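Undergrad: Here's a structure for you.
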Amino acid sequence: DIAMTQSPDSLAVSLGERATINCKSSQSILYNSNKKNYLAWYQQKPGQPPKLLIYWASTRESGVPDRFRGSGSGTDFTLTISSLQAEDVAVYYCQQYYTTSVTFGQGTKLEIK
Amino acid sequence: EVQLLESGGTLVQPGGSLRLSCAASGFMFSKYGMAWVRQAPGKGLEWVSTISITGNGTYYPGSVKGRFTVSRDNSKNTVFLQMNSLRAEDTATYYCARVGACSGGSCFWFGPWGQGTLVTVSS
Chain A
26 DIAMTQSPDS LAVSLGERAT INCKSSQSIL YNSNKKNYLA WYQQKPGQPP
76 KLLIYWASTR ESGVPDRFRG SGSGTDFTLT ISSLQAEDVA VYYCQQYYTT
126 SVTFGQGTKL EIK
Chain B
8 EVQLLESGGT LVQPGGSLRL SCAASGFMFS KYGMAWVRQA PGKGLEWVST
58 ISITGNGTYY PGSVKGRFTV SRDNSKNTVF LQMNSLRAED TATYYCARVG
108 ACSGGSCFWF GPWGQGTLVT VSS
């Protein structure tokens, strides 16, 4: 299985500041034939189910604010929240779907400083 | 509006069985793969199973393979998860989620998700 490792485990950022969450896969999840990275990002607010934010490493799901940006390729990926809002407090997960046996990162808890 | 409503979670003894259901509405169910993902109390997300559009393709991680079986009834817009030989470590909230659609078939990202149903395995 492809292991997904996120860093940091937790993060405190001031309102209006940038938040950056990293995700590293144990092998490349870039599919050479279509040049797509098989990576998704999710947001889980307290007491709620996860919500899909981004797929193909950088494509925002419909309705997701543009302050959420996904980047990276191969084995190293980043979720950036450009200007943190109070409603962004959540746990964020990355997930690879390069193989049918998908795997998630352990999660990064984002709080307000 | 897409809605996914899980049901069937309860307290069950170790070694027991349980069947979860997920009723879907608001989209063309027969055009999407479906998945189950679980979350143990206070823990992260763990993928449990995926089923293809027709039900002919099913996928499981090693932790549940041979014990869990996913199925679907496209006439009733419902996906099921049959769980046998349950263990304490299967205790979790089980979420149903729609599999992403992309050109050429399914892409195994998940969204949207249901609210989940809690399964507790304990004597």
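Chains as they are written, first to last, in my numbering: chain A, 26 to 138; chain B, 8 to 130. The beta carbon of each residue, even a glycine, is placed where N, CA and C say it ideally should be. What you are looking at is a predicted structure, and each value in this text was computed from that prediction instead of being measured.
Using a Cβ-Cβ distance cut-off of 9 Å, determine whether P119 (chain B) contacts chain A.
TA: As a first step, residue 119 (chain B) must be located in the second sequence, where it is residue number 112. So, interface residue.
Undergrad: Is the separation between the beta-carbon of S32 (chain A) and that of I137 (chain A) shorter than 9 Å?
TA: For the purposes of this step, residue 32 (chain A) is identified with residue 7 of the first sequence, where counting begins at 1. For the purposes of this step, residue 137 (chain A) is identified with residue 112 of the first sequence, where counting begins at 1. It is not a contact, given that the beta carbons lie outside the stated cut-off.
Undergrad: Across the region 95 to 115 of chain A and the region 43 to 63 of chain A, are there enough close Cβ pairs to call them in contact, namely three or more that are closer than 8 Å?
TA: The region 95 to 115 of chain A vs the region 43 to 63 of chain A: in contact.
Undergrad: When DSSP builds the beta bridges, which residues end up paired with I106 (chain A)?
TA: Translated into positions along the first sequence, residue 106 (chain A) becomes position 81. Its beta-bridge partners are A:A44 and A:F93.
Undergrad: When DSSP builds the beta bridges, which residues end up paired with K134 (chain A)?
TA: Residue numbering aside, residue 134 (chain A) sits at position 109 when the first sequence is read from its first letter. BP columns for K134 (chain A) point to A:S35 and A:V116.
Undergrad: Buried or exposed: which applies to M29 (chain A), given that a residue is buried once 16 or more other Cβ atoms fall within 10 Å of its Cβ?
TA: Translated into positions along the first sequence, residue 29 (chain A) becomes position 4. Looking at its Cβ environment, which holds 16 or more other Cβ atoms inside 10 Å, M29 (chain A) is buried.
Undergrad: Classify K8 (chain B) as buried or exposed, calling it buried when 16 or more other Cβ atoms lie within 10 Å of its own Cβ.
TA: If you number the second sequence from 1, residue 8 (chain B) lands on position 1. Per the sequence shown, the amino acid found at residue 8 (chain B) is Glu instead of Lys. So E8 (chain B) ends up on the exposed side.
Undergrad: What residues from chain A crowd round Q122 (chain B), counting only those whose CB sits closer than 7 Å?
TA: One-based indexing of the second sequence puts residue 122 (chain B) at position 115. In chain order: P74.
Undergrad: Short of 8 Å in beta carbon distance, which residues of its chain neighbour Q120 (chain A), apart from the five on each side in sequence? Order them along the chain.
TA: Indexing the first sequence from 1 puts residue 120 (chain A) at position 95. The residues are M29, L64, A65, W66, Y67, V127, T128, F129 and G130.
Undergrad: For E112 (chain A), is the classification buried or exposed, using 16 other Cβ atoms within 10 angstroms of its Cβ as the cut-off for buried?
TA: Residue 112 (chain A) sits at position 87 when you count from the first residue of the first sequence. Under this definition E112 (chain A) is an exposed residue.
Undergrad: According to DSSP, is V72 (chain B) part of a helix, a strand, or is it coil?
TA: Start at 1 with the first residue of the second sequence, and residue 72 (chain B) comes out as number 65. Here residue 72 (chain B) turns out to be Lys, not Val, going by the sequence shown. The answer is strand: DSSP assigns K72 (chain B) an E or B state.
Undergrad: Over what stretch of residues does the beta strand (DSSP E) that includes L93 (chain B) continue unbroken?
TA: What you label residue 93 (chain B) is simply residue 86 of the second sequence in a count that begins at 1. That residue, L93 (chain B), is in no beta strand (DSSP E); it is neither H nor E in DSSP.
Undergrad: Taking beta-carbon pairs under 9 Å, can you tell me which members of the region 84 to 116 of chain A lie near chain B?
TA: Cβ contacts with chain B: E86 and V116.
Undergrad: Starting from the C-beta of R74 (chain B), find all residues in its chain whose C-beta is less than 6 Å away, skip the five residues before and the five after it, and write them out in chain order.
TA: As a first step, residue 74 (chain B) is located in the second sequence; it is residue number 67 there, counting from the start. Closer than 6 Å at the Cβ level, and outside the excluded window around R74 (chain B), lie N91 and S92.
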